[in-house]
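Structure first, commentary second.
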Amino acid sequence: MPFAIGENVGPYRIIDQLGQGGMATVYKAYHPALDRYVAIKVLHPAFLEDPSFLARFNREAKVVAKLDHPNIVPIYDYADHKGQPYLVMKFIEGETLKARLARAPLSIPDAIRVVEAVGSALGFAHKQGILHRDIKPSNIILTPNGAIYLADFGLARIAQSGESTLSADMVLGTPHYISPEQARGERDLDEGTDIYSFGVVLYEIVVGRVPFSADTPFSIIHDHIYTPLPPPCVVNPRVPEAMQAVLMKALDKPRESRFATVNDLVEAFRAAATGSPLAGPADFSTVPLPATTRPGLTREDTVAAAEIEPQPLSAPTTVPGSGAARQPEAEGSKKKPSRAWLWAVGGLAITCLCLFGFIWATNRQNAENNTPGETSPALFLSERGEPMAVQDARQAVDSRPDDPQARLDLAAAYFARDMIRLAVGELLKAGEIFLATGSYAEASRAFADATLLRGGPADAEPGLMDPLQRAIFLGAPDEGSWAAVDRLLTAFPDWDPLMAAASRSLLFQGRNEEARGMAEEVLSRNPVDPVAMASLLEVLLKVGDPAAAGIADRARGLRGVPEWLRPHLDEVLRGV
Numbered sequence: 009m010p011f012a013i014g015e016n017v018g019p020y021r022i023i024d025q026l027g028q029g030g031m032a033t034v035y036k037a038y039h040p041a042l043d044r045y046v047a048i049k050v051l052h053p054a055f056l057e058d059p060s061f062l063a064r065f066n067r068e069a070k071v072v073a074k075l076d077h078p079n080i081v082p083i084y085d086y087a088d089h090k091g092q093p094y095l096v097m098k099f100i101e102g103e104t105l106k107a108r109l110a111r112a113p114l115s116i117p118d119a120i121r122v123v124e125a126v127g128s129a130l131g132f133a134h135k136q137g138i139l140h141r142d143i144k145p146s147n148i149i150l151t152p153n154g155a156i157y158l159a160d161f162g163l164a165r166i167a168q169s170g171e172s173t174l175s176a177d178m179v180l181g182t183p184h185y186i187s188p189e190q191a192r193g194e195r196d197l198d199e200g201t202d203i204y205s206f207g208v209v210l211y212e213i214v215v216g217r218v219p220f221s222a223d224t225p226f227s228i229i230h231d232h233i234y235t236p237l238p239p240p241c242v243v244n245p246r247v248p249e250a251m252q253a254v255l256m257k258a259l260d261k262p263r264e265s266r267f268a269t270v271n272d273l274v275e276a277f278r279a280a281a282t283g284s285p286l287a288g289p290a291d292f293s294t295v296p297l298p299a300t301t302r303p304g305l306t307r308e309d310t311v312a313a314a315e316i317e318p319q320p321l322s323a324p325t326t327v328p329g330s331g332a333a334r335q336p337e338a339e340g341s342k343k344k345p346s347r348a349w350l351w352a353v354g355g356l357a358i359t360c361l362c363l364f365g366f367i368w369a370t371n372r373q374n375a376e377n378n379t380p381g382e383t384s385p386a387l388f389l390s391e392r393g394e395p396m397a398v399q400d401a402r403q404a405v406d407s408r409p410d411d412p413q414a415r416l417d418l419a420a421a422y423f424a425r426d427m428i429r430l431a432v433g434e435l436l437k438a439g440e441i442f443l444a445t446g447s448y449a450e451a452s453r454a455f456a457d458a459t460l461l462r463g464g465p466a467d468a469e470p471g472l473m474d475p476l477q478r479a480i481f482l483g484a485p486d487e488g489s490w491a492a493v494d495r496l497l498t499a500f501p502d503w504d505p506l507m508a509a510a511s512r513s514l515l516f517q518g519r520n521e522e523a524r525g526m527a528e529e530v531l532s533r534n535p536v537d538p539v540a541m542a543s544l545l546e547v548l549l550k551v552g553d554p555a556a557a558g559i560a561d562r563a564r565g566l567r568g569v570p571e572w573l574r575p576h577l578d579e580v581l582r583g584v
């Protein structure tokens with residue numbers, strides 16, 4: 009249970025709750041022995057159900073304790089209270105950079121001070137082999153006396169092989185500021201991931217908005233991985249070319265093309281902001297000149313300051329000022345899938361590899377407005393609105409364990425707090441309940457979310473493939489399943505089990521040639537795949553192809569047909 013106001017936690021007395029994030033709740037507390045206020049960070053109780061989270065929290069204190077730096081929030085103590093582990097940190101009064109940007113743009117001197125302070129903190133941590141992994145304006149604190157702190161190294165891990173402080177299935181970070189490699193779920197991260205996220209913060213300070221923003225975190229993550237960076241000068245023409253070069257190098261997709269160190273980035277930023285020459289050579293030869301894409305407004309849900317659009321860096325001549333007019337949106341071309349049968353709606357191909365944040369965005373009305381076959385930007389849980397608290401959602405499941413909607417609410421609550429494994433588990437349970445009641449479209453969407461959340465074929469939850477195939481295959485006539493199928497095909501175009509079942513979905517969408525080609529491709533690699541064979545048989549029968557007779561003969565002698573498929577296949581064969 010969370011700590012209560014007035015409760016004594018070890019030698020500390022809880023005064024107030026300061027905030028709640030994805031992993032922990034932060035309290036203001038008083039330490040009588042030293043007559044000072046402290047901040048206490050306590051892990052959410054639900055995390056304790058997974059031993060990997062507890063181990064991660066235990067190791068966090070030791071990792072962050074190494075970071076003795078004037079711009080890093082220091083750790084004072086680590087203990088547990090009634091089985092609940094907590095960290096004790098310096099209590100800092102001030103406002104976040106996010107709140108500061110919401111009030112007014114930064115002046116050039118202030119921007120340089122922020123960049124230098126955060127860069128110094130990051131550079132120090134990197135020398136200790138520690139990454140931050142969640143750099144964003146809400147983790148940068150500005151105090152009234154001018155001190156600047158980088159907060160919450162709670163997502164940090166030692167950047168050395170085999171010393172991860174995070175569970176292997178976690179993808180941590182905030183969509184607007186996440187690096188491409190972190191978004192893909194890569195484990196061999198280095199300083200480049202922090203340089204990219206820091207670069208997004210600099211982009212927001214200078215340009216007045218984050219480079220990528222869309223209706224759902226899914227789309228934002230996709231853009232960080234695939235979409236060329238919107239050139240700052242296009243989004244805001246008052247950005248000088250020298251500053252644009254700095255930002256584009258920091259935000260290059262290949263990490264080897266970014267600045268080698270945070271210090272290099274800070275020096276380049278300072279030189280561009282002041283018009284001074286660099287002390288050493290600066291190589292911007294690797295910076296591409298991409299096509300423009302749709303700039304968007306930032307809307308980070310974790311800070312309350314918020315519906316005010318941040319303004320660009322304030323300066324009379326050399327950097328964008330607060331009065332810059334909002335520029336028309338320019339549509340950039342998305343990376344096209346290599347397969348002819350992959351398609352996208354409205355020019356947006358939603359490729360979801362390591363998904364995280366799909367819970368916050370599009371409401372149910374937006375989803376209902378999509379015509380059959382369209383790929384909505386949001387997935388199943390996106391329609392559920394803002395997630396419930398974990399405790400409330402778990403109580404609902406305890407009272408209604410066979411209610412799939414309650415399971416989905418709990419999955420959304422888990423996911424909103426970065427509890428990936430638990431979210432996937434609830435999605436699977438919801439999908440199984442939908443399957444048992446013949447609600448195949450709903451099952452398809454639940455299993456699709458689980459698959460995307462786990463990263464697809466390589467990391468699919470054990471026992472996921474068969475129910476996913478069943479839901480997609482049997483749900484093919486229901487147009488409610490089509491968007492989820494297309495979303496999976498876009499993300500994982502060469503996954504045979506998916507292709508085998510999705511072939512039948514394409515058939516019912518009227519995409520006969522694509523359906524046939526997909527089933528035949530699977531059978532070319534596995535001639536006895538029963539699901540692909542059943543799909544191909546239906547395609548051939550529908551188009552009146554004589555080859556259906558030969559496929560039917562092969563299907564009659566087929567072994568290893570799943571129990572759920574046998575009745576359907578027998579019925580089709582009786583009609584041949």
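Using my numbering, the first residue of the sequence shown is number 9, and each one after it goes up by one. Where is the CB? At the ideal position from N, CA and C, for every residue including glycine.
Taking the Cβ atom as the reference point for each residue, do residue i and residue j lie within a distance shorter than 8 Å?
{"i": "residue 449", "j": "residue 513", "result": "no"}
{"i": "residue 11", "j": "residue 23", "result": "no"}
{"i": "residue 72", "j": "residue 161", "result": "yes"}
{"i": "residue 281", "j": "residue 120", "result": "yes"}
{"i": "residue 276", "j": "residue 254", "result": "yes"}
{"i": "residue 211", "j": "residue 259", "result": "yes"}
{"i": "residue 231", "j": "residue 140", "result": "no"}
{"i": "residue 132", "j": "residue 89", "result": "no"}
{"i": "residue 557", "j": "residue 584", "result": "yes"}
{"i": "residue 555", "j": "residue 577", "result": "no"}
{"i": "residue 125", "j": "residue 156", "result": "yes"}
{"i": "residue 569", "j": "residue 538", "result": "yes"}
{"i": "residue 612", "j": "residue 417", "result": "What the structure shows of the chain is the stretch from 9 to 584, and residue 612 is not part of that stretch, so it cannot be assessed."}
Between the options, which has its C-alpha nearest residue i's C-alpha?
{"i": "residue 598", "options": "539, 279, 199, 433", "result": "Absent from the model: residue 598. The displayed extent of the chain is 9 to 584, so no value can be given."}
{"i": "residue 263", "options": "77, 204, 26", "result": "204"}
{"i": "residue 499", "options": "234, 127, 434", "result": "234"}
{"i": "residue 517", "options": "503, 491, 496", "result": "491"}
{"i": "residue 80", "options": "420, 70, 98, 88", "result": "98"}
{"i": "residue 237", "options": "219, 228, 249", "result": "219"}
{"i": "residue 459", "options": "447, 483, 429", "result": "429"}
{"i": "residue 135", "options": "268, 195, 146, 440", "result": "268"}
{"i": "residue 437", "options": "424, 147, 419, 423", "result": "419"}
{"i": "residue 51", "options": "271, 63, 440", "result": "63"}
{"i": "residue 96", "options": "195, 575, 17", "result": "17"}
{"i": "residue 114", "options": "256, 213, 431", "result": "213"}
{"i": "residue 482", "options": "75, 573, 87", "result": "573"}
Excluding five sequence neighbours on each side, which residues of the same chain lie with their C-beta closer than 8 Å to the C-beta of residue i?
{"i": "residue 41", "result": "19"}
{"i": "residue 510", "result": "480, 493, 496, 497, 526"}
{"i": "residue 291", "result": "Residue confidence is low: residue 291 scores 37 on pLDDT, short of 50, so the model does not pin down where it sits. No coordinate-derived value is stated."}
{"i": "residue 164", "result": "Bear in mind that the predicted position of residue 164 carries a pLDDT of just 46, short of 50, making it too unreliable to give a figure here."}
Does residue i pass the burial test, meaning 16 or more other C-beta atoms within 10 Å, or should it be called exposed?
{"i": "residue 571", "result": "exposed"}
{"i": "residue 221", "result": "buried"}
{"i": "residue 380", "result": "Because residue 380 carries a pLDDT of 30, less than 50, the predicted location of this residue cannot be relied on, and no value is offered for it."}
{"i": "residue 415", "result": "buried"}
{"i": "residue 471", "result": "exposed"}
{"i": "residue 445", "result": "exposed"}
{"i": "residue 434", "result": "buried"}
{"i": "residue 385", "result": "The predicted model places residue 385 with a pLDDT of 26, which falls under 50 and marks its position as unreliable; any figure quoted below should be read in that light. With 16 or more other Cβ atoms within 10 Å, it is buried."}
{"i": "residue 13", "result": "exposed"}
{"i": "residue 474", "result": "exposed"}
{"i": "residue 389", "result": "In this prediction, residue 389 scores a pLDDT of 43, lower than 50, which makes its location untrustworthy; the coordinate-derived value is nonetheless stated afterwards. Burial call: buried."}
{"i": "residue 93", "result": "buried"}
{"i": "residue 505", "result": "buried"}
{"i": "residue 249", "result": "exposed"}
{"i": "residue 402", "result": "buried"}
Please return the same chain residues whose Cβ sits closer than 6 Å to the Cβ of residue i, not counting the five positions on each side in sequence.
{"i": "residue 34", "result": "26, 27, 47, 49"}
{"i": "residue 507", "result": "526, 530"}
{"i": "residue 102", "result": "149, 150, 151"}
{"i": "residue 540", "result": "508, 527, 530, 531"}
{"i": "residue 38", "result": "21, 23, 45"}
{"i": "residue 147", "result": "159, 160"}
{"i": "residue 70", "result": "none"}
Identify, in the order they occur along the chain, each residue of the same chain with its Cβ nearer than 7 Å to the Cβ of residue i, setting aside the five sequence neighbours on each side.
{"i": "residue 442", "result": "412, 450, 451, 454"}
{"i": "residue 559", "result": "541, 544, 545, 548"}
{"i": "residue 314", "result": "Caution is warranted here: a pLDDT of 25 is assigned to residue 314, below 50, making its placement in the model unreliable, and the coordinate value is therefore given only provisionally. Closer than 7 Å at Cβ, skipping near neighbours: 110."}
{"i": "residue 143", "result": "185, 202, 205, 206, 209"}
So is the beta-carbon of residue i under 7 Å away from any non-hydrogen atom of the ligand MN?
{"i": "residue 482", "result": "What this structure holds is no ligand at all, so the ligand MN is not there to describe."}
### Task
Taking only runs that begin and end inside the region 465 to 499, name each unbroken alpha helix (DSSP H) of 4 or more residues, in chain order.
473 to 482, 490 to 499
### Query
Curious, which full-length alpha helix (DSSP H) runs of at least 4 residues does the region 215 to 290 contain?
225 to 234, 240 to 243, 249 to 258, 270 to 282
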